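Colleague: I am attaching a structure below and will ask some questions about it afterwards.
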Amino acid sequence: MSDHALETRGLSVFYGDTEAVRSITLTIPSRQVVAFIGPSGCGKSTFLRAFNRMNDLIPSARVTGEVLFRGLNLYDPAIDPVEVRRRIGMVFQKPNPFPKSIFDNVAFGLRINGFQGKLADKVEESLQQAALWDEVKDRLNDNALGLSGGQQQRLCIARALAVEPEIILMDEPASALDPIATGRIEDLIRELREKYTIVIVTHNMQQAARVSDLTAFLYVGELIEYGETEQLFTNPRQERTEQYITGRFG
Amino acid sequence: MKFTEAPVESAVSNRVAKSRDQPDLTPQRNRRLVEGSINGVLFLCGLISVLTTVGIVVVLVTESAGFFREVPIVEFLTGTRWSPMYSDQHFGILPLLNGTLMIAFGSSLIALPIGLGSAIYLSEYASENVRKRVKPALEVLAGIPTVVYGYFALTFITPIIRTVFPGTGIFNAASGAIVVGIMIIPMVSSLSEDALSAVPRSLRAAAYGIGATKFEVVTRVVVPASLSGVAASFILAISRAIGETMAVTLAAGATPRMTLSFLESIQTMTAYIVQVSLGETPHGTLEYRTIFAVGLVLFVITLLMNLLSQQITRRFREQYE
Amino acid sequence: MSAERFNPRLVARRRNGTIFKWACFAATIFGIVMLAILLVDVTSDGLRWLSIDFLTRYPSRIPARAGIKSAILGTLWMMGLTAAISFPLGVGAAIYLEEYAPGNWFTRLLQTNIANLAGVPSIVYGILGLAVFVRFFGFQRSVLAGAATLSLLVLPVVIIASQEAIRAVPRSLREGAYGLGATRWQMIRHQVLPVAMPGILTGTILSLSRAIGETAPLIMIGALTFIAFAPTSPMSPFTVLPIQIFNWASRPQADFHGLAAAAIVVLLVILLAMNATAILLRNKLRKQL
């Protein structure tokens with residue numbers, strides 16, 4: 090049980106009448122990086138957002154099936170999504186720092202969740218983990234919007250790390266960044282794997298191959314194949330998978 | 012959407028006339044004249060607004076100049092007694108300013124929190140149906156003539172105040188302030204709501220993603236991010252309250268005095284101007300000129316506030332990217 | 051995990067959230083409730099005094115015999131003249147700003163100026179009207195002076211609303227007209243204005259409905275509070291409904307308050323009719339497109 094971070098059973102997500110995610114069952118092991126790949130519109134982002142109940146924010150969204158985290162079904166009515174989201178953090182496609190200072194961005198989650206320790210220490214620790222500390226340590230009170238795109242994204246990662254999640258979900262975290270910034274994010278993901286479980290959605294297959302331990306291929310809302318990254322990319326078992334990774338569609 | 016100078020006139024009519032020669036594509040003189048005069052007429056229409064502003068400034072300044080030849084500016088701006096119509100004349104504007112500011116302050120106490128609260132509810136909590144019905148209803152509040160508010164203050168609000176606080180005069184600042192506050196709620200609500208709605212969804216998603224409740228998303232992310240728009244709406248509303256006339260004339264009184272008590276009768280700058288106009292003060296006298304001196308102060312204050320509001324909007328517009 | 055280092059206090063946060071939400075809801079309802087109270091109060095005070103006689107009699111010092119005939123007629127005259135002055139000027143200025151004006155500093159100045167004028171207190175317009183129309187042009191305390199003053203007051207609103215309506219006309223329409231060899235004015239007159247007219251008219255009617263309720267500027271230019279005759283020409287003295295209301299409301303006797311309330315009801319009905327017309331007009335003309 091302790092080497093499963095997250096497990097979905099028959100998870101489906103509906104937008105109105107459209108079934109965007111079709112009854113997917115899979116297991117995310119702890120302290121590994123799992124990548125979701127697939128052509129655009131295949132439901133990988135929707136699937137990802139089901140893990141931290143972000144789909145709740147969309148009025149027409151409906152979820153059936155289970156998402157098990159530490160033995161609890163996250164969609165049980167007794168579970169508070171606010172508490173879920175502290176333990177399962179998220180980084181978005183386009184960096185979205187708050188229009189506040191760098192310090193306040195990282196401290197935001199700490200303040201609302203009633204952090205008991207010293208704020209400044211925790212902020213520094215998070216920025217160190219996100220490999221951003223050296224670049225901003227002298228200007229913590231500057232507005233976060235003055236940072237470059239890559240820096241902003243690492244700030245968002247620091248912000249997520251500050252509340253000590255177990256799992257970090259990343260929805261195409263580097264697609265809005267230049268190649269150098271992308272490389273730094275990928276390095277960061279490899280470092281973070283030692284302490285956190287990471288699930289990353291990406292449309293870039295090379296990135297998935299570089300960064301992840303396991304890869305899941307989704308197509309039109311269904312899970313087609315899921316396995317060790319190296320194996321999936323060199324010797325896929327499903328024909329659809331092979332077609333996708335060789336670029337025949339998507 | 013403007014194009015640069017209009018393309019050349021239609022060549023159709025010319026083609027018929029000159030069959031073998033080159034077609035005449037030069038602009039026809041008649042058309043040119045018509046276009047030019049239309050341009051001129053329309054320009055004059057636009058100029059009217061400039062003339063209006065110039066007129067306001069010229070009238071206020073020249074008449075006030077006549078006033079200040081007899082009353083020193085310092086006495087005007089710092090004196091605490093205003094009694095131009097009495098034999099013991101004093102021309103200190105502070106009591107009138109005091110009255111105006113009391114109304115502005117009192118009405119802000121009501122309109123700013125309630126207006127902002129409405130804006131937050133309509134922008135962040137209400138469903139589309141509710142919003143569609145409630146917004147127009149609030150706009151009706153803004154469309155009611157101010158003299159009606161004056162009547163309401165005098166005949167409904169004041170008796171209630173006098174029951175709760177016995178000893179309050181028939182004319183009192185509170186009544187005027189309450190009613191002006193109600194009057195400007197839609198202004199605060201509508202403009203603040205625009206500012207709140209403009210905050211991008213990605214910022215809200217970021218806050219939810221860290222485990223914030225809706226309350227925290229609204230109060231710690233959305234409202235702070237839209238602060239400049241909200242501030243601009245506040246300033247505009249206060250400016251409106253300062254310029255308000257009929258409600259305070261009817262309900263707040265005609266006694267200029269330096270007081271901080273809302274239960275007493277006061278007089279605002281606007282109410283004073285009305286009072287003089289209703290009277291029989293002869294034109295060209297010093298007493299008559301007080302209209303313009305007070306009017307000038309009023310104009311300058313509201314102009315500065317409106318400019319400030321525009322500046323705030325302009326300067327802090329792109330603060331999300 | 052280090053969940054012990056956080057004290058999420060979820061119950062308290064949720065409770066605060068609920069309180070906050072209901073506070074905001076109460077704020078929203080407050081305005082609507084006040085509106086309802088105001089309307090009920092005015093109607094209940096004034097209903098007694100409303101009658102055909104009320105509408106057709108002139109004011110009198112005896113409440114039982116007083117009416118608003120002169121005020122209604124004065125209001126109609128005022129509205130008609132104000133519309134006649136402000137509509138062409140306002141639409142003309144809007145056309146100029148949107149179609150003819152070069153994008154230079156002067157145009158920007160014009161635009162800012164108009165925005166500022168919209169925020170000037172109405173009583174300042176009254177002072178302007180007093181000095182310019184009543185005295186300088188010598189119109190005296192006439193309907194014309196009043197209409198000219200109110201026209202200046204509503205002009206910024208008419209211009210801004212008309213500009214928006216003109217701006218909303220799609221570019222493709224203009225390009226089509228130019229492509230056939232139309233002059234600028236022809237394009238505007240035959241393509242842009244017809245399409246923009248519903249918006250322009252709506253904006254004008256709404257500005258006029260604001261002008262109807264204006265009291266302070268008209269007091270300034272000397273609209274008298276006791277007029278027992280109808281205006282016969284633009285140079286006649288006059289009174290309007292809001293001034294009559296103000297007059298009666300200022301008197302201490304309760305009977306006159308009742309009269310004021312009745313006059314308010316009439317004024318509100320007129321306003322309602324104007325706004326309804328504006329909205330119907332906009333919907334109807336939109337459908338025709």
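One line per chain: the protein sequences are A, B and C, in this order.
Position one of the first sequence corresponds to residue 90 (the working numbering), numbered consecutively onward.
Position one of the second sequence corresponds to residue 12 (the working numbering), numbered consecutively onward.
Position one of the third sequence corresponds to residue 51 (the working numbering), numbered consecutively onward.
For every residue, glycine included, the Cβ atom is placed at its ideal position computed from N, Cα and C.
Predicted, not measured: the structure shown is a model, and the values here were computed from it.
(1) Taking phenylalanine 187 of chain A as the query, report the chain B residues whose CB atoms sit under 9 Å from its CB, ordered along the chain.
(2) May I ask you to report which of helix, strand or coil DSSP gives valine 23 of chain B?
(3) Quick check on DSSP: helix, strand or coil for proline 128 of chain A?
(4) Residues of chain B with a CB under 8 Å from the CB of phenylalanine 125 of chain A: which are they?
(5) Nearest chain B C-beta to threonine 327 of chain C closer than 9 Å, yes or no?
(6) How about the segment 178 to 197 of chain B and the segment 250 to 269 of chain B: do they share at least three Cβ pairs that are nearer than 8 Å?
(7) Go ahead and label phenylalanine 226 of chain B buried or exposed: buried means 16 or more other beta carbons lie within 10 angstroms of its beta carbon, across all protein chains shown.
(8) Along the segment 198 to 228 of chain A, where does the CB come closer than 7 Å to a CB of chain C? Name the residues.
(9) At a Cβ cut of 7 Å, what residues of the segment 276 to 309 of chain A count as close to chain B, listed as they run along the chain?
(10) Between serine 21 of chain B and chain A, is any beta-carbon pair separated by less than 9 Å?
(11) Taking the alpha carbon of isoleucine 216 of chain C as the reference point, which residue from C:Gly249, C:Thr162, C:Thr275 and C:Ala76 has its own alpha carbon closest?
(12) Excluding sequence positions up to five away, which residues of its chain have a Cβ less than 6 Å from the Cβ of methionine 269 of chain B?
(13) Measure the C-alpha to C-alpha separation of valine 365 of chain B and valine 207 of chain C and round it to an integer number of angstroms.
(14) State the DSSP-derived secondary structure class of glutamate 314 of chain A, mapped to helix, strand or coil.
(15) Just to make sure I have the definition right: I need the residues of chain A whose C-beta is within less than 8 Å of the C-beta of arginine 55 of chain C. Which are they?
(16) In the structure shown, what three-state DSSP assignment does aspartate 165 of chain A receive?
(17) Name, going along the chain, the residues of the segment 56 to 77 of chain C whose beta-carbon falls closer than 9 Å to a beta-carbon of chain A.
(18) Determine the burial state of tyrosine 219 of chain B: buried for a count of at least 16 other Cβ atoms within 10 Å of its Cβ, exposed for fewer.
(19) Going by the CB atoms, is the gap between isoleucine 59 of chain B and leucine 202 of chain C shorter than 9 Å?
(20) Tell me the residue span of the alpha helix (DSSP H) that contains leucine 127 of chain B.
(21) Helix, strand or coil for arginine 204 of chain A? Go by DSSP, reduced to three states.
(22) Whole angstroms are fine: how far does the CA of methionine 84 of chain C sit from the CA of glycine 179 of chain C?
(23) Tell me whether phenylalanine 78 of chain B is buried or exposed, calling it buried when 16 or more other Cβ atoms sit within 10 Å of its Cβ.
(24) Could you tell me the boundaries of the alpha helix (DSSP H) in which arginine 268 of chain B lies?
(25) Would you report the Cα separation of arginine 120 of chain A and glycine 132 of chain A, rounded to the nearest angstrom?
(26) Are the segment 281 to 288 of chain B and the segment 198 to 209 of chain B touching, with three or more C-beta to C-beta distances below 8 Å?
(27) Any beta-carbon of chain C closer than 9 Å to the one on phenylalanine 102 of chain B?
(28) In the DSSP assignment, find the alpha helix (DSSP H) that holds proline 170 of chain A and state where it starts and stops.
(29) In chain order, what residues of the same chain have a beta carbon less than 7 Å from the beta carbon of isoleucine 314 of chain C, not counting five sequence neighbours either side?
(30) What is the rounded straight-line gap between the Cα of isoleucine 293 of chain C and the Cα of arginine 215 of chain B?
(31) Determine the contact status of valine 122 of chain A and serine 264 of chain A, defining contact as a CB-CB distance below 9 Å.
(32) Of all the CB atoms in chain C, is at least one closer than 9 Å to the CB of leucine 112 of chain B?
(33) Applying the criterion that 16 or more other CB atoms from any shown protein chain within 10 Å of the CB defines a buried residue, is histidine 240 of chain C buried or exposed?
(34) For a contact defined as C-beta to C-beta under 8 Å, what are the partners of arginine 175 of chain A on chain C?
(35) Starting from lysine 183 of chain A, find everything on chain B with Cβ-Cβ shorter than 9 Å and list it in chain order.
(36) Between which two residues does the alpha helix (DSSP H) holding leucine 164 of chain C run?
Modeller: For this structure:
(1) Leu214, Ala217, Ala218, Arg231, Val232, Pro235 and Ala236
(2) Residue confidence is low: valine 23 of chain B scores 46 on pLDDT, short of 50, so the model does not pin down where it sits. Its coordinate-derived value is still stated next. Residue state, collapsed to three classes: helix.
(3) coil
(4) Those within 8 Å of phenylalanine 125 of chain A in chain B number zero; the least Cβ separation is about 17 Å.
(5) no
(6) yes
(7) buried
(8) Asn202, Gly203, Phe204, Gln205 and Gly206
(9) none
(10) Residue placement at serine 21 of chain B is flagged as unreliable, the pLDDT there being 46, under the threshold of 50; the coordinate-derived value follows with that caveat. So no, serine 21 of chain B is outside the interface.
(11) C:Gly249
(12) Thr91, Pro106 and Asn109
(13) As shown, chain B starts at 12 and ends at 332. That puts residue 365 of chain B outside it, with no answer to give.
(14) strand
(15) Phe204, Gln205, Gly206 and Glu253
(16) coil
(17) Phe56, Asn57, Pro58, Arg59, Leu60, Arg63 and Arg64
(18) buried
(19) yes
(20) 105 to 131
(21) Reading off the sequence, residue 204 of chain A comes out as phenylalanine, not arginine. Three-state result, phenylalanine 204 of chain A: strand.
(22) 34 Å
(23) buried
(24) Premise fails: arginine 268 of chain B is in no alpha helix (DSSP H) and is neither H nor E.
(25) 24 Å
(26) no
(27) no
(28) 170 to 176
(29) Val92, Gly96 and Ile295
(30) 50 Å
(31) no
(32) no
(33) exposed
(34) Phe56 and Pro58
(35) Ser213
(36) It is worth fixing the name first, because residue 164 of chain C is isoleucine in this sequence and not leucine. Its alpha helix (DSSP H) spans residues 155 to 167.
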